[in-house]
Amino acid sequence: MPAKRIGFLRHQAGMSLIELLIGLLIGLVATLAISNLFSGFEARKRMISGGSDAQSSGVLALYYIQRDAQNAGYGLPLYNSSDPSPLLCPIDTSINQAGVVINLSPVVIVDGGTGHDIVRIRYGNPASGGASLRSTGLMSGPSLDGRLIGCQENDIVLFHQTPATPNCTLARIQKLNADRTINTLTELNTAPTASPVTNLNGSDWVRFSCLGAWNQYEFTVNDKQELTRTGGTSSSTPFPNSIAVPVASDIVALQAQYGIASTEDSASTSVTAAKYLNRVDAWVNATGTYGTSISLLDRNRIRAIRIAVVARDGNLQKNIVSQECNGAAPGVSKVCIWKSDATPANVNLSANTDWQQYRYRTFEVTIPLRNVIWNRDAL
């Protein structure tokens, strides 16, 4: 081989070990940076996605509750000032529907203590919108002062004595005649109806109103952390045998309160004072005075309800990201309800495993009981 060619090969050189190590180091740093960036992006994506799911669940839960609550009391007749309101019927004026005794109270909150509250909403569906007629004759076959419009067989009807003491009775239309007069009434004076109407005659007439299917719809949270709605009408499987249908997922708490007026209703209330009757002066839990033994007077102070639902984002975090409302850990979100109050309330989520390692969203809504308010003037 020529000497010139041998010299050329002798001076060729590859990458040194130091250069190779530097290249590997740069590659590792770049890989680590990309991995961290991707991990952070994924974490952010999961947080946004989880927050979006919680937002959808909370809004959907409030939609279902608010939709029914806005109808609370629909079907109760609206009488003029010379007749007492049906909300003055004895508080236990009731009828047995599929084994459940249901009274006329448009909204009932069952306090769940440290657990979930239960919200029961009652309303009818009469085509007549709660219009009433004067009735005379026998209770089993009353004569109505007008045409029976909007009532169907199996509907609930209310007999309300006026203008004397407001004795009341609920019954069910079992059969109608061809001319739409009442043929048969059943379940008259179903226990525990208090002070029922006992007779009809020319001097002691009563009002007759068709409530349609007077039923209740119940909202609560099940063990699977789903908001469920239970209810039914006479045309389908009636409450309580109807299935509790989940309507929103990832709901970990349902809390409710009554909004009450401090001024009691009265037929003699002056015009000046009347404007305060529909004002909510306080929010109270369904305990004590407003618990299971609530009186008629206190029931009729209720002007609104407010609902709080807490939705969970569903992504378990490595670290603690949530704490109680009165917690003091820096940088950790607090789970509170009634945020507009001077002192927001805590939500007890300790029954849920690893609850502090999830993020939550709280949703609240205030719902005026408009069908109760419309019945106020004669209270």
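Residue numbers for the sequence shown follow our numbering, so the first one is 2 and each next one is one higher.
Every residue, glycine too, gets a C-beta built ideally from N, C-alpha and C.
Values in this document were obtained by computation on a predicted structure and should not be read as measured data.
For the region 53-60 against the region 249-260, do three or more pairs of beta-carbon atoms, one drawn from each stretch, fall closer than 8 Å, so that the two count as touching? yes
Hey, which unbroken runs of the alpha helix (DSSP H) at 4 residues or more fall wholly within the region 314-376? 371-374
Distance CB(Arg307)-CB(Ala262) smaller than 8 Å: Position 306 of the sequence shown, counted from the first residue, corresponds to residue 307. Position 261 of the sequence shown, counted from the first residue, corresponds to residue 262. Taking 8 Å as the Cβ cut-off, Arg307 and Ala262 do not qualify as a contacting pair.
Could you tell me the alpha carbon to alpha carbon distance between Val310 and Ile157, rounded to whole angstroms? Indexing the sequence shown from 1 puts residue 310 at position 309. Indexing the sequence shown from 1 puts residue 157 at position 156. Val310 and Ile157: Cα-Cα distance of roughly 33 Å.
Three-state secondary structure (DSSP) of Ile384: One cannot answer for residue 384 here, as it falls past the ends of the chain, which runs 2 to 380.
Cβ neighbour criterion (16 or more within 10 Å) applied to Ala257: Counted from its first residue, the sequence shown places residue 257 at position 256. The residue is buried, with at least 16 neighbouring Cβ atoms inside 10 Å.
Cβ neighbours of Ser144 in the same chain (closer than 7 Å, five flanking residues each side left out): Walking along the sequence shown from the start, residue 144 turns up at place 143. Excluding positions up to five away in sequence, the list reads Ser136, Thr137, Gly138.
Please list, in chain order, all residues of the same chain as Ile174 whose beta carbon is under 7 Å from its beta carbon, the five residues on each side excluded. What you label residue 174 is simply residue 173 of the sequence shown in a count that begins at 1. Within the same chain, Ile174 has close Cβ partners Cys152, Glu154, Asn155, Asp156, Val158, Ile183, Leu186.
With DSSP collapsed to three states, give me the class of Ala262. Taking the first residue of the sequence shown as 1, we reach residue 262 at position 261. Correct three-state label for Ala262: coil.
Using a Cβ-Cβ cutoff of less than 7 Å, which residues in the same chain neighbour Gly51 once the five nearest sequence positions on both sides are dropped? Looking up residue 51 in the sequence shown gives position 50. Bear in mind that the predicted position of Gly51 carries a pLDDT of just 44, short of 50, making it too unreliable to give a figure here.
Express the C-alpha separation of Cys169 and Ile110 in angstroms, rounding to a whole number. Within the sequence shown, numbered from 1, the residue matching residue 110 stands at position 109. Within the sequence shown, numbered from 1, the residue matching residue 169 stands at position 168. Spanning the two alpha carbons is a distance of roughly 24 Å.
Less than 7 Å between the CB of Gly332 and some heavy atom of the ligand NAD, yes or no? Absence of the ligand NAD is noted for the structure shown, with no ligands found whatsoever.
Using only the alpha-carbon positions, how far apart do Leu297 and Leu77 sit? Within the sequence shown, residue 297 is the residue found at index 296, counting from 1. Within the sequence shown, residue 77 is the residue found at index 76, counting from 1. Each residue's alpha carbon lies about 16 Å from the other.
Based on DSSP bridge pairs, tell me the residues matched to Asn97. Here residue 97 is taken as the residue at index 96 of the sequence shown, counted from 1. Paired residue(s): Val102.
Find the nearest neighbour of Ile338 within the set Ala254, Ala287, Ser53, Arg208, judged by alpha-carbon distance. Along the sequence shown, one-based indexing puts residue 338 at 337. Looking at the Cα atoms, Ala254 is the closest of the given residues.
Ile66 in three-state terms, based on DSSP: By one-based count along the sequence shown, residue 66 stands at place 65. Residue state, collapsed to three classes: helix.
Considering Cα atoms alone, identify which of Ser129, Phe160, Ala128 is closest to Gly142. Counting from one through the sequence shown, the residue named residue 142 turns up at place 141. It is Phe160.
Environment of Thr288 [buried if 16+ CB atoms lie within 10 Å]: Residue mapping note: residue 288 aligns to position 287 of the sequence shown, counting from 1. So Thr288 ends up on the exposed side.
Collapsed DSSP secondary structure at Ser86 in the structure displayed: One-based indexing of the sequence shown puts residue 86 at position 85. Three-state result, Ser86: coil.
Report back the beta-carbon spacing between Gln86 and Cys211 to the nearest angstrom; my notes put them in contact at under 8 Å. Here residue 86 is taken as the residue at index 85 of the sequence shown, counted from 1. Here residue 211 is taken as the residue at index 210 of the sequence shown, counted from 1. Here residue 86 is Ser; the residue named in the question, Gln, does not match the sequence. Between Cys211 and Ser86 the Cβ distance is about 17 Å, and since that is not below 8 Å, they are no contact.
Should Gly131 go down as buried or exposed, given a rule of 16 or more other Cβ atoms within 10 Å for buried? Here the question's residue 131 lines up with position 130 in the sequence shown. So Gly131 counts as buried.
What separation, rounded to the nearest whole angstrom, lies between the Cα atoms of Ser196 and Ile295? For this step, residue 196 is matched to residue 195 along the sequence shown. For this step, residue 295 is matched to residue 294 along the sequence shown. Looking at the two C-alpha atoms, the distance is approximately 18 Å.
Delimiting residues of the beta strand (DSSP E) encompassing Arg135: Taking the first residue of the sequence shown as position 1, residue 135 is located at position 134. Taken as a continuous stretch (DSSP letters only), the beta strand (DSSP E) holding Arg135 covers 133-139.
Whose C-beta lies closer than 8 Å to the C-beta of Val198 among residues of the same chain, with five residues either side of it excluded? Position 197 of the sequence shown, counting from 1, holds the residue named residue 198. Cβ neighbours of Val198 beyond the five flanking positions: Met140, Phe160, His161, Gln162, Asn168, Cys169, Thr170, Val207.
Among all the DSSP beta bridges, which residues are the ones paired with Ala312? On the sequence shown, residue 312 is found 311 positions in, with the first residue counted as 1. Answer is Ile252, Arg362.
Residue from Tyr218, Ala330, Gly260 whose Cα sits closest to the Cα of Arg280: As a first step, residue 280 is located in the sequence shown; it is residue number 279 there, counting from the start. Answer by Cα proximity: Gly260.
How should Arg68 be labelled, buried or exposed, when 16 other C-beta atoms within 10 angstroms of its C-beta is the threshold for buried? The residue given as residue 68 occupies position 67 in the sequence shown. Arg68 is exposed by the Cβ-count criterion.
Please work out which residues of its chain come closer than 6 Å, Cβ to Cβ, to Val366, disregarding the five sequence neighbours upstream and downstream, and give them in chain order. Counting from one through the sequence shown, the residue named residue 366 turns up at place 365. Cβ within range, chain order: Leu63, Gln67, Ile308.
Please check the pair Ile96 and Thr221, which I expect to be a contact at CB under 8 Å, by giving their CB distance rounded to whole angstroms. Position 95 of the sequence shown, counted from the start, is the residue given in the question as residue 96. Position 220 of the sequence shown, counted from the start, is the residue given in the question as residue 221. Incorrect: roughly 23 Å between the Cβ atoms, too far for contact.
Local Cβ density within 10 Å of Ala73, reported as buried at 16 or more and exposed below that: Walking along the sequence shown from the start, residue 73 turns up at place 72. Buried, since its Cβ has 16 or more Cβ neighbours within 10 Å.
Limits of the beta strand (DSSP E) - the one that Leu298 falls within: Stepping through the sequence shown from its first residue, residue 298 is reached at position 297. Here Leu298 belongs to no beta strand (DSSP E); instead the alpha helix (DSSP H) covers 297-300.
Express the C-alpha separation of Arg148 and Thr290 in angstroms, rounding to a whole number. As a first step, residue 290 is located in the sequence shown; it is residue number 289 there, counting from the start. As a first step, residue 148 is located in the sequence shown; it is residue number 147 there, counting from the start. The straight-line gap from Cα to Cα measures roughly 42 Å.
Nearest candidate by alpha-carbon position, reference Val322, set Gln226, Ser17, Gly292, Ser334: Residue numbering aside, residue 322 sits at position 321 when the sequence shown is read from its first letter. Considering only Gln226, Ser17, Gly292, Ser334, the residue with the shortest C-alpha distance to Val322 is Ser334.
Using the Cα positions of Gly113 and Ile150, report the straight-line distance between them to the nearest angstrom. Translated into positions along the sequence shown, residue 113 becomes position 112. Translated into positions along the sequence shown, residue 150 becomes position 149. Taking the straight line from one Cα to the other gives about 41 Å.
If you draw a straight line from the alpha carbon of Asn104 to that of Asp93, how long is it in whole angstroms? Residue mapping note: residue 104 aligns to position 103 of the sequence shown, counting from 1. Residue mapping note: residue 93 aligns to position 92 of the sequence shown, counting from 1. The alpha-carbon atoms of Asn104 and Asp93 are separated by roughly 6 Å.
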